[in-house]
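Heads up: the sequence shown begins at 1 in full-length UniProt numbering, then just goes up one per residue.
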Amino acid sequence: MAKLKTTYFCSNCGNESPKWMGRCPACGEWGSMVEEVVRKESASKMGDTRSFESVKSHPQTLGEIRAEQEPRIDMHDEEFNRVLGGGLVPASLVLIGGEPGIGKSTLVLQTMLKLGDIRTLYVSGEESARQLKLRADRLGITNENCLIVCETNLDEIFKHIRNTSPQLVIIDSIQTVYSELLESSPGSISQVRECAASVLKFAKQSGTPVILIGHITKEGSIAGPKVLEHIVDTVLQFEGDQHYMYRILRSIKNRFGSTSELGIYEMTPSGLREVSNPSELLLTQNHEGLSGAVISAVIEGVRPFLIETQALVSTAAYGGNPQRSATGFDIRRMNMLLAVLEKRAGFKLAQKDVFLNIAGGLRVNDPGMDLAVISSILSSSLDMAVERETCLTGEVGLSGEIRPVNRIEQRITEAEKLGFSRIVVPANNLKGFKSKVKIEIEPVKKVSDAFRMLF
Ligand code: TYD
Ligand code: MG
C-alpha cells in the first residue's frame, strides 16, 4: 500500500509544516501542531478540478478596471446591516462564528426568510430538512424564494448551486463540509481550509455572496474560525451568555466596513428580535436606594448605551482567602481598580470578598466603565446607595486620575435622553466642549472628587 502523505497544521493559526514541531514557528503556540492526512496528488490537482468555473484572468491597468460599485444587499435587519457595514457586499465571503447553541442557525435562517425576492440556498450539514422546517415554523415567516438542501459533500453543493443559481448561499456549518479530494475527515483543519478556499473562489468568480457558519469551542478552536479568518472577507462573532436572552453580533474583521460595529438581539421563543435601544432593556429594574448598583454610560461599537453594574463587598468568610469574581468585566481590571481604591482613596478591601456583575450578561470592554465599577464597589462597601438619577463615565488611571473617554457628547446625550438628571464625566473631556444639554454635567479629575460628590 502506498504510504499516505501527511502534513502538520497548527490548530491555532493554520500554519503548515512538513514535520511535527513542539512549538508553531508562526504563532508561537506550544503543542498545537496536529497531523493531517493529505492525498498525494491533491495539492497540484485540486486547483483545476474543484474550482467552480475557471475564468482566465488577464492583467489590466488601474484605468481599465471598472470601479462602479454594485449595490449591497439589504438584509432587512438593521442590526445585521450595520454590522456588515451597510448591507451584504456582492461576491463577499462572510463567516459567522460562535459557540454551539448560541443561535447562529436561527439568525441566518430568519434573515434569509426575511429577504423577500432574493433567491437563497441554505445548505445544512447539521440539521435535517424537517428540523429546519420546524424551526422556520417557529419563526413564523414563509418565503418561496428560499431553498433548503441537506448536503455535506462540496462537489454536490456546487452542483446544487449550479442547478439553482441562487443570489445568496448559506453554508451551515463549514465544519461539516468535506471535499472528496482530501482524505482527512470533515472538520479537520485541512478540510475546513480547502473547502473555505473553494467557496471563496466560487464567490469571487460568480459574484454570489456566501455566508459560512463556523463553530468555536470554549477552549478556543480546533479547525475553527481562527483558521478561516485569513481566508474570508468578513468575520462576525455571535456571542452572549446562554442563560441570558441577549445576543451580540460583533464584527471582528471586515474588508468592507468598520470593525467597531455591534448588533444586539434578544432571543425570544419566536426567533431573534432586533434590539434598537439597548439602554431601555438594561435599565428596567428599579434599584432605588440599593447600595452597590451604579449606572454607567458606555460605548460599545459606535453605539452609546447605559448599563448597570452591581457590586457586592462582604467580609471574607472564616478569615480565608478573600474571593474576587467578575461577570462581564475583566477581572484583572477589577483587581487594578481595587488596588487604586486602596492606595489612592484609602479604603481597605484586602480582607473582603468582592463580586461584580454587569447587568444582562453583557460583556463590556469600554474603559469608560471603570468609574462606575469603582464607585459600585465603594457603594457596596460603605453600604451607601448612589442616586438613581446619576450616571457615570470615565476611565480610571493607576494614580487615581480620571482619564478622558471617547465620544463624550454621545454618552451625555444618551443619558439625557433616558431621563438622567446628572452625569459624572472626566474633567479633561470638557475642554472646548460646548453643548446645549439640560442634564447636569459634573466634571471630575480624581476618583476622590467623584466619591466626594457621590457619597
Ligand atoms: P441555534 O440557532 O440552533 O444555535 P447554533 O446554530 O448557534 O448552534 O439556536 C439554538 C437555541 O436557540 C436553542 O437552544 C433554542 C433557541 N431558540 C429560541 O429560543 N427561539 C427560537 O425561535 C429558535 C429557533 C431557537
Ligand atoms: Mg446551528
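Glycine is no exception: its CB is placed at the ideal position from the N, C-alpha and C atoms.
- Boundaries of the beta strand (DSSP E) around N357: K352 to I358.
- The closest CA to that of L212, considering only A372, G140 and L95, is found on L95.
- Secondary structure of F238 (DSSP, three-state): strand.
- By the C-beta criterion, the region 345 to 361 is judged not to be in contact with the region 263 to 276, since fewer than 3 inter-stretch pairs fall below 8 Å.
- In the DSSP assignment, W20 is bridged to no other residue.
- Selection P100, P443, A326 and L84 evaluated against L236 yields L84 as nearest (Cα-Cα).
- Segment contact: the region 114 to 131 against the region 146 to 156, three or more CB-CB distances shorter than 8 Å; contact assigned.
- The C-beta distance from I299 to N406 rounds to 7 Å, short enough to fall under 8 Å.
- Within the model, the alpha-carbon separation for N254 versus H58 is close to 27 Å.
- The beta-carbon distance between V108 and I170, rounded to whole angstroms, is 5 Å. This is short enough to meet the 8 Å contact definition.
- H230 is classed as exposed because its beta carbon has fewer than 16 other beta carbons within 10 Å across all chains shown.
- If you look at M267, you'll find it in the beta strand (DSSP E) that goes L262 to T268.
- DSSP, reduced to helix, strand and coil, places E156 within a helical segment of the structure shown.
- Taking a C-beta distance under 8 Å as the contact criterion, V444 and I377 do not qualify as a contact pair.
- Check the Cα spacing between G240 and each of G361, P426, E261 and F158: the tightest is with G361.
- Scanning its chain for C-beta atoms nearer than 8 Å, with the 5 sequence neighbours on each side dropped, one finds around M75 the residues N81, L84, G87, L88, T111, K114 and L115, in chain order.
- DSSP, reduced to helix, strand and coil, places V123 within a strand of the structure shown.
- The Cβ atoms of F347 and E414 lie no closer than 8 Å to each other.
- If you compare the alpha carbons of Q351, I412, S251 and K446 with that of S435, the shortest gap goes to I412.
- The continuous stretches of alpha helix (DSSP H) do not include N429, and DSSP gives it neither H nor E.
- Between the ligand TYD and I148, a heavy atom-to-CB distance of less than 7 Å is absent.
- Contact annotation: R422 and T390 have beta-carbon atoms nearer than 8 Å.
- DSSP places C195 outside any beta strand (DSSP E); the residue lies instead in the alpha helix (DSSP H), whose first and last residues are I189 to S206.
- Here the alpha carbons of L228 and C195 stand approximately 10 Å from one another.
- With a contact defined as Cβ atoms closer than 8 Å, S448 and G400 qualify at about 7 Å.
- Per DSSP, L249 lies in no alpha helix (DSSP H) segment; the continuous beta strand (DSSP E) that holds it begins and ends at Y246 to N254.
- Non-local C-beta neighbours of S258 in its own chain, meaning closer than 8 Å and more than five positions away in sequence, comprise G85, S251 and V302, ordered along the chain.
- DSSP places D370 within a helical segment (H, G or I) once states are collapsed to three.
- Exposed is the label assigned to C27, since fewer than 16 other Cβ atoms lie within 10 Å of its Cβ.
- Burial is judged here by how many other beta carbons sit within 10 angstroms of a residue's own beta carbon; T208 has at least 16 and is buried.
- For L139, the CB falls within less than 7 Å of some heavy atom of the ligand TYD.
- One thing to note: A326 has its Cβ no nearer than 8 Å to the Cβ of K352.
- In the same chain as G103, and ignoring 5 residues on each side of it, the C-beta atoms closer than 7 Å to its own belong to F238, R247, M267 and L272, in chain order.
- Only exposed fits R162, as fewer than 16 other CB atoms lie within 10 angstroms of its CB.
- Per DSSP, the unbroken alpha helix (DSSP H) holding T413 starts and ends at I408 to K417.
- In this structure, the ligand MG has no non-hydrogen atom nearer than 7 Å to the beta-carbon of D366.
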